[in-house]
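Following our numbering, the numbering of the sequence shown begins with 1 at its first residue and continues without gaps.
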Amino acid sequence: MSTQTKPTKRTVTPFRYDIVGSFLRPQALKEARAQFQNGEITAEQLREVESAEIIKLVQKQKEVGLQAVTDGEFRRSWWHLDFFWGLDGVERTIVDQGYQFNGAQSRPETARLTGKVGYSSHPFVSHYAFLKEVAGEDVVARQSIPAAAQFLFELDRAENQESTQAIYPNREELVTDIAKAYKAAILALYEAGCRSLQIDDCTWGALCDEQFMAFMKQAGVNVAEYANEFARLNEEVVSGLPDDLVVTTHVCRGNYVSTYAGVGGGYEPIAQTLLGIDNYSGYYLEFDTERAGDFKPLRSLKDNQQVVLGLFSSKFGELENKADILKRIEEATQYVDLNRICLSPQCGFASTEEGNHLTEEQQWRKLAFIKEIAEEIWK
1 MSTQTKPTKR
11 TVTPFRYDIV
21 GSFLRPQALK
31 EARAQFQNGE
41 ITAEQLREVE
51 SAEIIKLVQK
61 QKEVGLQAVT
71 DGEFRRSWWH
81 LDFFWGLDGV
91 ERTIVDQGYQ
101 FNGAQSRPET
111 ARLTGKVGYS
121 SHPFVSHYAF
131 LKEVAGEDVV
141 ARQSIPAAAQ
151 FLFELDRAEN
161 QESTQAIYPN
171 REELVTDIAK
181 AYKAAILALY
191 EAGCRSLQID
201 DCTWGALCDE
211 QFMAFMKQAG
221 VNVAEYANEF
231 ARLNEEVVSG
241 LPDDLVVTTH
251 VCRGNYVSTY
261 AGVGGGYEPI
271 AQTLLGIDNY
281 SGYYLEFDTE
291 RAGDFKPLRS
301 LKDNQQVVLG
311 LFSSKFGELE
321 NKADILKRIE
331 EATQYVDLNR
341 ICLSPQCGFA
351 STEEGNHLTE
361 EQQWRKLAFI
371 KEIAEEIWK
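What follows is the structure in structure tokens.
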């Protein structure tokens with residue numbers, strides 16, 4: 001493989017071989033959650049099972065060679081809603097229908113406002129403290145949270161617009177309060193020891209999806225202005241944070257029981273806006289199928305930022321063809337230096353507790369495969 005510079009390893013996140021964060025829920029955890037929902041065990045008993053499984057998960061991540069580990073989101077049901085529900089002024093709400101994916105629909109839950117958005121405390125802080133203790137000092141304990149833009153996007157859902165506008169007739173006040181609450185939550189995580197924060201964001205996947213953009217334009221929404229609002233909010237959240245907190249973001253294109261959302265479209269329409277956000281050290285971008293387009297948008301990446309190429313699918317267990325992966329990395333180096341590239345699955349293995357359609361053994365084999373390829377390139 002040709003390179004512009006000599007391949008080098010990395011000592012800070014994102015690492016050359018990395019993860020997005022969520023893992024398949026083990027059977028013991030699934031059974032405990034079902035028992036809790038049926039009133040057969042207490043919340044404390046459920047937490048004990050979660051903690052035991054997280055300890056096993058962290059050890060397994062170390063065994064497969066990961067340098068950054070997560071709790072697999074084992075204490076969550078959703079990758080995003082559980083965080084929203086933990087903010088002040090937000091409640092869990094059942095709606096008529098869930099999110100629509102390609103051939104599947106999720107559980108019909110959302111986050112709806114009951115008052116002004118704020119931060120007083122959050123369950124994720126103690127969750128992280130446990131992970132930090134279990135992880136030890138030989139790996140980085142990473143926390144993932146959904147983007148502030150994703151929260152605004154959720155509040156803009158048709159089912160939520162009435163309550164959102166009733167509490168916030170002034171849009172700018174809403175954006176300001178979300179930013180303040182998010183920053184407070186991030187600083188609380190920092191105080192708990194977090195030095196690697198991953199911000200997951202589906203909004204950009206939607207804003208470069210041809211079907212969604214057509215729908216938004218038909219509804220009279222200026223997509224460019226909407227994108228700028230998301231970028232401005234996200235940038236405000238991550239500005240002025242401690243210098244030793246590494247903040248990255250993952251752009252998702254839908255990941256529910258091995259399905260995706262929308263029809264697809266390359267990053268080009270939103271590349272300058274998305275990659276123009278300051279204070280992100282790296283972007284985890286999905287490139288596992290042709291739906292994501294080519295690598296040309298990477299030319300908008302800042303010189304001090306990494307791109308983590310999601311060339312490996314978390315939606316199925318079969319391993320990708322190594323020659324094809326190496327060829328795609330070569331293609332990417334036309335637009336970004338090899339030493340600003342890292343590798344990971346395109347998304348987590350279980351964005352929701354249902355999980356994707358592969359086995360735990362396949363999950364770990366895929367991560368070992370990514371490590372193998374990365375070590376061949378960045379010796």
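Even glycine gets a Cβ: it sits at the ideal position worked out from N, Cα and C.
Measure the C-alpha to C-alpha separation of residue i and residue j and round it to an integer number of angstroms.
i, j, result
"E372", "E63", "14 Å"
"V257", "T359", "12 Å"
"Q67", "K379", "16 Å"
"Y284", "P123", "26 Å"
"V385", "V134", "Since the first residue shown for the chain is 1 and the last is 379, residue 385 is missing from the structure and cannot be characterised."
"E430", "L274", "No answer is possible for residue 430: it lies beyond the span of the chain, which begins at 1 and ends at 379."
"Q363", "L24", "8 Å"
"A323", "A374", "13 Å"
"A380", "Y119", "The question about residue 380 has no answer here: the residues shown for the chain are numbered 1 through 379."
"T11", "Y168", "44 Å"
"A43", "Y280", "36 Å"
"A188", "F316", "36 Å"
"E354", "I325", "28 Å"
"L301", "C252", "18 Å"
"Q346", "T289", "9 Å"
"Q198", "A219", "32 Å"
"Q37", "Q305", "43 Å"
"V237", "N170", "19 Å"
"A185", "S121", "8 Å"
"A350", "T259", "11 Å"
"R16", "E91", "39 Å"
"A368", "Q150", "31 Å"
"E50", "A32", "9 Å"
"Q272", "E40", "51 Å"
"W204", "L131", "29 Å"
Measuring alpha carbon to alpha carbon, tell me which residue in the options is nearest residue i.
i, options, result
"K183", "T259, R171, A148 and T203", "A148"
"V233", "S51, D177 and R75", "Reading off the sequence, residue 233 comes out as Leu, not Val. If we check each option's Cα against that of L233, D177 comes out closest."
"L309", "R112, Q143 and P14", "P14"
"V125", "R75, D138, E109 and R92", "R75"
"K296", "G265, L319, E318 and S144", "G265"
"T333", "N228, E31 and D294", "D294"
"Q100", "C342, I270, A261 and D138", "A261"
Evaluate residue i with the Cβ neighbour count: other Cβ atoms within 10 Å of its Cβ, from every protein chain shown; 16 or more gives buried, anything less gives exposed.
i, result
"T5", "exposed"
"H127", "buried"
"G136", "exposed"
"H357", "exposed"
"G86", "buried"
"A214", "exposed"
"K116", "exposed"
"D18", "buried"
"S2", "Low local confidence applies: a pLDDT of 46 at S2 is under 50, so the model's placement there is unreliable, with the coordinate-based value given in what follows. Classification of S2: exposed, given that the 10 Å Cβ count is below 16."
"R142", "buried"
"A158", "exposed"
"K217", "exposed"
"R340", "buried"
"E53", "buried"
"T8", "exposed"
"R112", "buried"
"V221", "exposed"
"D303", "exposed"
Can you tell me where the beta strand (DSSP E) with residue i in it begins and where it stops?
i, result
"V58", "First-last for V58: A43 to E63, but that is the alpha helix (DSSP H), not the beta strand (DSSP E)."
"K116", "E109 to G118"
"Q67", "Neither: Q67 is in no beta strand (DSSP E) and is coded neither H nor E."
"L309", "Q306 to F312"
"V90", "D88 to I94"
"Q198", "S196 to D201"
"L343", "I341 to P345"
"T352", "Run containing T352: none; DSSP gives neither H nor E here."
Following the continuous alpha helix (DSSP H) through residue i, name the residue where it begins and the one where it ends.
i, result
"I123", "The sequence as given places Pro at residue 123; Ile does not occur at that position. Residues P123 to A135."
"Q150", "A148 to L155"
Task: Start-end ranges of the beta strand (DSSP E) lying completely within the segment 278-303, minimum 3 residues - done: Within the segment 278-303, the complete beta strand (DSSP E) segments of 3 residues or longer fall at 282-286, listed in chain order.
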